[in-house]
Amino acid sequence: MKPVTIESLVSEAARTRARRTDGFRFCAEPACEVAYFQPDTGARFLRCEVRVRIGQKETASPRPVCYCFGHTIEEIEGEVERTGTSRVPDEIAEKCRQGLDRCEETNPQGACCLGNVRQAMKYAQAGRGVAIPKASRSRPDAGTIAQVGALASAVAASACCWLPLLLIATGVSGGALASAFEAWRPVLLPATLALLGLAFYFTYRTRRVASAGGGPACCAPARTARTESGPEACRPPHRSAGFAFHQLNKPILWVVTILVLAFAFFPNYVDYLMHGKDAIAARSDLDRTVVQIDGMTCEGCAAGIEASLRRIPGVVTAEVSYDKRQAVIGSPSTERISPQAILDAIRQAGGYTGHFFDPDPRQP
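Here it is in structure tokens:
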């Protein structure tokens, strides 16, 4: 509850007694005389100290439900009785879009009343046997959309490296696709980080819209009649032992973050996962062919070329160094590897070009 709500709605005498207006919570329990309570200090404001009628606690007409635009539960019930529905929720939503609402200053809950208004309409429809339209399937929230977008963008940004490896493993050349994705990487990578930032914002931001239930109650759920309105009635809300799916939002976000970073920076570490360094140098039984390669932009390019070279018949192993822009192919001295086959394999890995380091490509 923001201080502006307390300062706008609670009497000056009560505020002076409490000495502070921050940290208060709203009590929506109908039978409880407490309107606001402070869990840390135990301070309380009673409903009689609030300048407006609290709709959740009222039983006599009129029972206010929208404080910004003056709608009541009786108004909604009357409209439902006449027409089977109410236009009040749509009217409020339209005025809110125009910026005409002042919920924090007028509503005792300190938040938008639209959820309460819609719930009042449903109760009125149910009480009169009106068929309530089934709610449409809920749309994913902005945080979920941002998470999915960040993950998809990261996968696309690294496709220039993992896609050729996948295609080469299935015997298909992925050179053209790799070049296309590589051209988009400078755009996709910043977009990935921006979407990930939005996902964190939407997941961790403070939500101010009130639920239909009106907010947490200060009273213990299992009260007796003796203590219902006594001084011990209002306490900080108890946490439910149940489980809600929204509790997974933050853990899922961190899992998505790990996946996003793993894909986004895949080109930077994939070469280290593919092989150990200088393995050919330790093999005295192999002849070495050294090829200079042009066109590589990251470690992922080296890994793709390496996988393509290893598919050449007669090649025992191959190592490609992104730092040196160089490939070393190891083959038995009894095997004659066609120089053109080596150049073709380099080109098929992603449109790269190669030229032999030595005039004689068979020279160890």
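Take the numbering used here: the last position of the sequence shown gets the number 1065, and nothing is skipped along the way.
Quick reminder that beta carbons are idealized off the backbone N, C-alpha and C, glycines included.
Keep in mind that this is a model prediction, so the values were computed, not measured.
From what residue to what residue does the alpha helix (DSSP H) around residue i run?
i, result
"Phe964", "Asn950 to Ala965"
"Ser854", "Ala843 to Ala858"
"Val711", "Run containing Val711: none; DSSP gives neither H nor E here."
"Gly1006", "A small correction: the amino acid at residue 1006 is Ile; Gly does not occupy that position in the sequence shown. Where Ile1006 is concerned, the enclosing alpha helix (DSSP H) stretches over Glu1000 to Leu1010."
"Ile994", "Careful: Ile994 lies outside any alpha helix (DSSP H), inside the beta strand (DSSP E) at Leu987 to Asp995."
"Gly816", "Leu815 to Gly828"
"Arg783", "Ile774 to Thr784"
"Pro1040", "Pro1040 to Gln1049"
Please report how far the alpha carbon of residue i lies from the alpha carbon of residue j, in whole angstroms.
i, j, result
"Ser1009", "Ala965", "23 angstroms"
"Asp791", "Val849", "31 angstroms"
"Leu894", "Leu815", "34 angstroms"
"Cys862", "Val1017", "23 angstroms"
"Arg906", "Arg1011", "50 angstroms"
"Arg752", "Val711", "6 angstroms"
"Val705", "Gly800", "18 angstroms"
"Ala855", "Thr990", "36 angstroms"
"Val957", "Leu864", "20 angstroms"
"Phe746", "Phe903", "33 angstroms"
"Ala736", "Arg783", "34 angstroms"
"Ala853", "Thr717", "55 angstroms"
"Glu730", "Ala761", "16 angstroms"
"His1056", "Gly1031", "16 angstroms"
"Ala719", "Ala794", "35 angstroms"
"Phe727", "Gly898", "32 angstroms"
"Glu883", "Gly1015", "31 angstroms"
"Ala1028", "Ile1038", "14 angstroms"
"Asn950", "Glu805", "27 angstroms"
"Ala1019", "Ala892", "35 angstroms"
"Gln1089", "Ala827", "The question about residue 1089 has no answer, for the chain in this structure spans 702 to 1065."
"Ala963", "Glu1036", "39 angstroms"
"Ala732", "Leu896", "46 angstroms"
"Glu775", "Ser709", "25 angstroms"
"Cys797", "Thr807", "14 angstroms"
"Thr845", "Ala1042", "48 angstroms"
"Ala900", "Leu954", "7 angstroms"
"Lys758", "Gly771", "17 angstroms"
Going by other Cβ atoms of all chains shown within 10 Å of its Cβ, with 16 needed for buried, is residue i buried or exposed?
i, result
"Thr722", "buried"
"Thr742", "exposed"
"Thr773", "buried"
"Gln993", "exposed"
"Asp995", "exposed"
"Ala1050", "buried"
"Arg886", "buried"
"Pro952", "exposed"
"Ser676", "Because the chain spans 702 through 1065 in this model, residue 676 falls outside it and cannot be assessed."
"Asp988", "buried"
"Ala881", "exposed"
"Glu713", "exposed"
"Ile959", "exposed"
"Pro809", "buried"
"Glu933", "A caution first: Glu933 carries a pLDDT of 41, below 50, which makes its placement in the model unreliable, though a value can still be read off. So Glu933 ends up on the exposed side."
"Ala923", "Its pLDDT being 39, under 50, Ala923 is placed unreliably by the model, and the measurement read from it follows with that caveat. So Ala923 ends up on the exposed side."
Please go through the same chain and pick out, in chain order, the residues whose beta-carbon is closer than 7 angstroms to the beta-carbon of residue i, but skip the five residues on each side of it.
i, result
"Met997", "Ala1003, Tyr1023, Arg1026 and Tyr1053"
"Gln715", "Before going on, a small fix: residue 715 reads as Ala here, not Gln. The answer, listed in chain order, is Phe746 and Glu750."
"Ala825", "Ile777, Glu778 and Val781"
"Arg829", "Val781 and Glu782"
Tell me which residue opens and which closes the beta strand (DSSP E) that residue i is part of.
i, result
"Thr1018", "Thr1018 to Ser1022"
"Ala1028", "Gln1027 to Pro1033"
"Ala736", "Val735 to Phe738"
"Cys767", "Pro765 to Cys767"
"Gln799", "Taken as a continuous stretch (DSSP letters only), Gln799 belongs to no beta strand (DSSP E), as it is neither H nor E."
"Arg745", "Arg745 to Leu747"
"Gly1055", "Thr1054 to Phe1057"
Short of 8 angstroms in beta carbon distance, which residues of its chain neighbour residue i, apart from the five on each side in sequence? Order them along the chain.
i, result
"Met822", "Ile777, Val781, Thr786, Ser787, Val789 and Pro790"
"Val910", "With a pLDDT of only 44 at Val910, under 50, the local geometry of the prediction cannot be trusted, and the value read off the model is given with reservation. So the qualifying residues of the chain are Ala812, Cys813, Leu815 and Gly816."
"Pro1033", "Asp986, Leu987, Asp988, Gly1015 and Val1017"
With residue i and residue j assumed to form a contact (beta carbons below 8 angstroms), what rounded beta-carbon distance in angstroms separates them?
i, j, result
"Ile1013", "Ile1047", "Their Cβ separation, rounded to whole angstroms, is 10 angstroms, which puts Ile1013 and Ile1047 out of contact at 8 angstroms."
"Leu889", "Ala857", "5 angstroms"
"Ala851", "Val961", "5 angstroms"
"Glu734", "Arg754", "The Cβ separation is near 14 angstroms, so there is no contact."
Excluding the 5 residues preceding and the 5 following residue i in the sequence, name in chain order all residues of the same chain whose CB lies nearer than 6 angstroms to its CB.
i, result
"Arg802", "Before going further, note that residue 802 is Asp rather than Arg in the sequence given. Contacts found: Cys769."
"Gly756", "Arg764, Pro765 and Val766"
"Phe725", "Met702, Ile707, Tyr737 and Gln739"
"Leu1044", "Gly1055"
"Val1021", "Ala1003, Ile1006, Glu1007 and Ala1028"
"Ala744", "Ala719"
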